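For the sequence shown, my numbering gives the first residue as 2, with consecutive numbering after it. Where a beta carbon is used, it is the ideal one built from N, C-alpha and C, also for glycine. Values in this document were obtained by computation on a predicted structure and should not be read as measured data. One structure below.
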Amino acid sequence: MERVRGAGAVLAVLVVLGAPSAAGEELSGVFQRITKRECHFINGTERVRLLERYIYNREQLLHFDSDVGVHVEDTPHGEKFARSLNSQKEYMEFTRSAVDWYCRHNYRVVTLFTVERRVPPRVSTPLRPPSSRPSANPSACL
2 MERVRGAGAV
12 LAVLVVLGAP
22 SAAGEELSGV
32 FQRITKRECH
42 FINGTERVRL
52 LERYIYNREQ
62 LLHFDSDVGV
72 HVEDTPHGEK
82 FARSLNSQKE
92 YMEFTRSAVD
102 WYCRHNYRVV
112 TLFTVERRVP
122 PRVSTPLRPP
132 SSRPSANPSA
142 CL
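Structure representation (structure tokens):
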């Protein structure tokens, strides 16, 4: 709820200040920033690997691999970001601990619905007689 109020306040300020509207105008560009986290589980939670990918406009700039323990650049643009993130001691401790608070925690939550869920298979057969079913031959319908 707070997020919605904050977004509304920002929109109100932009309208009051006369920010140009995008309605009816062609956008000059679309920029996309994505961070993806992947948890790789080997033998349950016995061995867990976190892979965090930092993507900008469909290009992976850098990634964090819990097996390596640091951010690694994938492009020249990602080099300064990796260096900056790796220099922040508290942030790196937080990121390294994500294997436990993010991966292992979510594994316990999700396995109840995925891994441990056992539903017997069901097969249903139509109750209509064969004569009322649509024909497999499309020319027979003409």
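| query | result |
| --- | --- |
| CA-to-CA distance, residue 101 to residue 112, given in whole angstroms | 15 Å |
| Close-in-space but distant-in-sequence residues of the same chain around residue 129 (CB under 6 Å, 5 per side omitted) | none |
| Of the listed residues 65, 73 and 30, nearest to residue 95 (C-alpha basis) | 65 |
| Member of 116, 39 and 109 whose CA lies at the smallest distance from the CA of residue 68 | 39 |
| Short Cβ contact (8 Å threshold) for residue 42 with residue 92 | no |
| Unbroken alpha helix (DSSP H) run spanning residue 82, endpoints | 77-87 |
| Assigned secondary structure, residue 36 (DSSP; H/G/I helix, E/B strand, else coil) | strand |
| Classification of residue 78 by the beta-carbon crowding that lies within 10 angstroms, buried from 16 upward | exposed |
| C-alpha gap between residue 110 and residue 98, whole angstroms | 18 Å |
| Cβ neighbours of residue 8 in the same chain (closer than 7 Å, five flanking residues each side left out) | Only weak support is given to the placement of residue 8: the predicted model assigns it a pLDDT of 49, under 50, and the value that follows is read from those uncertain coordinates. So the list is empty, once near-sequence residues are dropped. |
| Beta-bridge pairing of residue 106 - partner residues as DSSP gives them | Note: residue 106 sits in no beta bridge, so no partner. |
| Residue(s) in a DSSP beta bridge with residue 60 | 57 |
| Exposure of residue 49, with buried meaning 16 or more beta-carbon neighbours within 10 Å | buried |
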